[in-house]
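Protein chains: 4
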Amino acid sequence: MTTTANTARHGLENSELHDFYDKRGFSGRVGCGERPAVVVIDLARAWTVPYPASPLGSDLSGVIDQTNRILEVARAIPIPIFFTTMEFDPDGSDIGSVVARKTPHLWTLARGSEWTALDPRLNRLPGEVLIPKQRASAFFGTSLLSQLIAHNVDTLIVTGCSTSGCVRATAQTGFDNNFHVVVPREAVGDRSPSAHEANLFDIDARMGDVLATDDVLAYLARIRDGALAIR
Amino acid sequence: MTTTANTARHGLENSELHDFYDKRGFSGRVGCGERPAVVVIDLARAWTVPYPASPLGSDLSGVIDQTNRILEVARAIPIPIFFTTMEFDPDGSDIGSVVARKTPHLWTLARGSEWTALDPRLNRLPGEVLIPKQRASAFFGTSLLSQLIAHNVDTLIVTGCSTSGCVRATAQTGFDNNFHVVVPREAVGDRSPSAHEANLFDIDARMGDVLATDDVLAYLARIRDGALAIR
Amino acid sequence: MTTTANTARHGLENSELHDFYDKRGFSGRVGCGERPAVVVIDLARAWTVPYPASPLGSDLSGVIDQTNRILEVARAIPIPIFFTTMEFDPDGSDIGSVVARKTPHLWTLARGSEWTALDPRLNRLPGEVLIPKQRASAFFGTSLLSQLIAHNVDTLIVTGCSTSGCVRATAQTGFDNNFHVVVPREAVGDRSPSAHEANLFDIDARMGDVLATDDVLAYLARIRDGALAIR
Amino acid sequence: MTTTANTARHGLENSELHDFYDKRGFSGRVGCGERPAVVVIDLARAWTVPYPASPLGSDLSGVIDQTNRILEVARAIPIPIFFTTMEFDPDGSDIGSVVARKTPHLWTLARGSEWTALDPRLNRLPGEVLIPKQRASAFFGTSLLSQLIAHNVDTLIVTGCSTSGCVRATAQTGFDNNFHVVVPREAVGDRSPSAHEANLFDIDARMGDVLATDDVLAYLARIRDGALAIR
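Residue numbers (the working numbering), protein chains in the order written: chain A, 1 to 231; chain B, 232 to 462; chain C, 463 to 693; chain D, 694 to 924.
Okay, structure coming up:
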């Protein structure tokens, strides 16, 4: 029940390291399933308004554009769409001292503030669930997993930021729960190019297929056109 | 209730990138708590017998030596000690097709086989719990979290392998649950030196303090000597 | 995608209380889904050898008979089948003092002992996963949820014992995760008839449809005969 | 580290059934720990405004009074206090069809509506965390567990409603995670007196100590007076 279409790794150039991993039984191709959902990670203003206006921010316009290409097809099918943001009590009572010390930037993410709002370029529609989270993985302390089960999802298309933080952690938990995890390379971003590349490598080796966004779009088009059943 | 001792980052030399992260509110020093436990990740024969005798293996004798230094003090205090290994049904019925395809090496980890047994150099003692797991994080699908609560633990000292897989995933879940996470740099290992370094960087920036093993030993010695209360 | 067949409550006679709950928006009929799995709870010798030979035991031969009727059809289709048992380290190191004090009977459930073995009358077959657990819910600290996702299950048929303990807790977690939960009334049992009835009432009001075993068999027969798709 | 004070079961009169359970290794006395938190379950207007003005409601003024007695001492110490409510997207997109069908009353619990607001008689103060949840257990899909760990809690005092639903489910998960669970009998309530009694029995047998509220107050007074350390 898995597509055999083009799922070649894209843009991961360190071929020697790939070969090293392949020989040891990593980096298998999982392929896409039949009932995907899109999970857009943390494209809220705290991350999409570039530094220094937002301490966490960087220029993610390309990531937003690629995510919007995916959302357009996803809405046309339609398949379930989830957005995440991060938010804490404005008085900090729910943050925990360990988390507050390691990642003090989280103090800026007060519930209801301008920073936790989704970037308006995403045009979130009614019925597209916004999941507030407090940790890297979109599954931790949220209802995402039960909602995916309710929608009979088998494949997660993960976009957004940051590749080395919340995207990777979400991919890990998705994989842990036996979802096909697909990461469209140009639709995820990170403030650090080297962390971006290193984590795409680990994601592809250990938890999900890193694909070209065009290949993900082709997969969704096949679903839209009925070549793959959605139930 | 957190020690203010030497928790400087150790051996993470990319100072420019560190400065970049610090300015954005990452990489804070969490420090060690008062009631640590040691979690030794996957130092089983599948990983400790070098490739190609074991497809997953590499030379981890240094990691085992450093882990044993930590275990010696931990046993003398004593504090709780947990070991993990990975294991699946020999007939593969509990592995899941997604997991089996992405990481086909897991097929070698049949419950009861020679590969899933802990490396004998660790000399696991009675009362030191062995936790079989099926995913990267020692918390996923296991009783580790409830056991840590039962022992009133606030700090996890994570050693073992691989830095880019199970060590990082365990550090992430430990941090998610508000434990102080401490990673003794020389007591964790990875088959890929570049993945090792990149993931130590991410761990230190996002989920735990990467310390010199000597500093972790000094911290444990203070607990052994009663300078920090164990309850 | 839900069957509209006979899902009337069966054998729950307290009609006044039912009416009271119905008016307040409980006890809705969920119905059965399309891709069921059977989860047989704790029909191990500790529970199936009657008291006092086993301190936890009672006469569950009727429950085993009804479970076997369900298993026969389930194996013919086939659909995924899971069995649970409970087990702890023989030295008690993983039990936790709170759990050990509230439910001291758990001390008898040493891993590998005669008491934790499944009742041989169930004839567990290869490929039918045995899940050792340490708490009431079959989901707590186990891989059950990820395995259900791997098999694309949407419906849990829960049998076994005890209705007031592990059956109810498993039904609760199944419901929490948006699975259709079906409890065949004669295929679950409890050492206390009053606790059995009270908990069947709560299960039916809050988390799953309590059905006659014959109705569950009819549902499975429709799946076997292709009236409902299994994917 | 557990108090040996009066933890006798209170008001559970079915002595024959108690004896039956005791002989089988249930209903042990766990006792109270040293670092309690109060978790007030679902004392929001949907439950505290009596039926039929609120379909879910009943007269819980006694439960609120007893909860307030506990909160008064808890605030004076102080110890962590958590309140829960239930809430869903007003458009129902995050409710899941299984949950919506079994418990259609949940449709009234739109985020931001008058029904999901805490009963004003509780006078929630700044720093007392309000946890919105979507299932019975206060732990499911929430950050409660990680917050309890952050506060180094070992004991949960669970009050509120309903005994047969969210109180029991929260007690179960608390017990599963090795917390001492204490249920002050007069501070929990249920729209059905028989479900209330049956579930207090199960809670006391399987997951927590059901105590007189006065005994819980005496325990908290000992902590306030320094007879038990709070760290």
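Think of the CB as a built atom: it goes at the ideal place given N, C-alpha and C, for glycine as much as any other residue. As the structure is a prediction and not an experimental result, all values here were calculated from the model.
Check                                                                                                                             : Outcome
Residue from C/R497, C/L571, C/N639 whose Cα sits closest to the Cα of C/K595                                                     : C/L571
Residues that B/D385 contacts on chain D, provided the C-beta gap is smaller than 7 Å                                             : N845
The region 538 to 555 of chain C / the region 586 to 594 of chain C touching (three or more Cβ pairs under 8 Å)                   : yes
Proximity test, Cβ basis, 8 Å: D/V875 and chain A                                                                                 : no
Heavy atom of the ligand HEM within 7 Å of B/D253 beta-carbon                                                                     : The ligand HEM is not among the ligands present in this structure, which contains no ligands whatsoever.
Collapsed DSSP secondary structure at D/H844 in the structure displayed                                                           : coil
Three-way DSSP call (helix, strand, coil) for B/A348 in this model                                                                : coil
Exposure of A/G174, with buried meaning 16 or more beta-carbon neighbours within 10 Å                                             : buried
Short CB-CB distance (under 8 Å) between C/L571 and chain A                                                                       : no
Contacts around B/R258, its chain only, beta-carbon distance under 7 Å, and the 5 residues preceding and following it disregarded : Note on identity: in this sequence residue 258 of chain B is Ser, with Arg being the wrong assignment. Closer than 7 Å at Cβ, skipping near neighbours: H249, Y252, D435, A436.
CB of B/R185 within 8 Å of CB of B/T444, strictly                                                                                 : As displayed, chain B neither begins before 232 nor continues past 462, which places residue 185 of chain B out of reach and without an answer.
Spatially closest choice to A/R101 from B/V412, B/E428, B/D456, B/P357, by CA coordinates                                         : B/V412
Closest residue to D/D758 among D/L893, D/V881, D/S887 (Cα-Cα distance)                                                           : D/V881
is_contact[B/I312, chain D] using C-beta, thresh 8 Å                                                                              : no
B/F406 - DSSP class collapsed to helix/strand/coil                                                                                : helix
Three-state class that DSSP yields for C/D652 in the structure shown                                                              : coil
Beta-carbon gap between A/N178 and B/V329 smaller than 8 Å                                                                        : yes
Backbone secondary structure at A/Y219 - three-state DSSP                                                                         : helix
Environment of A/L148 [buried if 16+ CB atoms lie within 10 Å]                                                                    : buried
Pick from D/F894, D/A862, D/P886, D/G755 that is closest to D/S708, judged by C-alpha positions                                   : D/F894
Contact with chain A by C/I539, beta-carbon distance below 8 Å                                                                    : no
Contact with chain D by A/Q134, beta-carbon distance below 8 Å                                                                    : yes
Spatial distance of D/S887 from D/G919 (CA atoms)                                                                                 : 39 Å
Test: B/T401 CB closer than 8 Å to a CB of chain C                                                                                : no
Residue ranges of each alpha helix (DSSP H) within the region 545 to 598 of chain C, 4 or longer                                  : 559 to 564
With 16 other Cβ atoms within 10 Å as the buried cut-off, status of C/G524                                                        : exposed
Length at least 3, wholly inside the region 473 to 517 of chain C: the beta strand (DSSP E) runs in chain order                   : 498 to 503
Chain A contact residues for C/S608, given Cβ-Cβ distances below 8 Å                                                              : D176, N177, N178
CB contact check: A/D94 to chain D, cutoff 8 Å                                                                                    : yes
Short Cβ contact (8 Å threshold) for C/V620 with C/T632                                                                           : yes
Straight-line Cα distance separating C/D504 from D/V860                                                                           : 25 Å
Reference D/A769, options D/P743, D/V731, D/D752, closest by Cα                                                                   : D/V731
Beta-carbon proximity list for B/A367, same chain, < 7 Å, skipping 5 on both sides                                                : G396, C397, A400
Short CB-CB distance (under 8 Å) between C/I611 and chain A                                                                       : yes
Contacts around B/G372, its chain only, beta-carbon distance under 7 Å, and the 5 residues preceding and following it disregarded : K364, Q365, R366
Distance between beta carbons of A/H105 and B/R255, contact taken as under 8 Å                                                    : 6 Å
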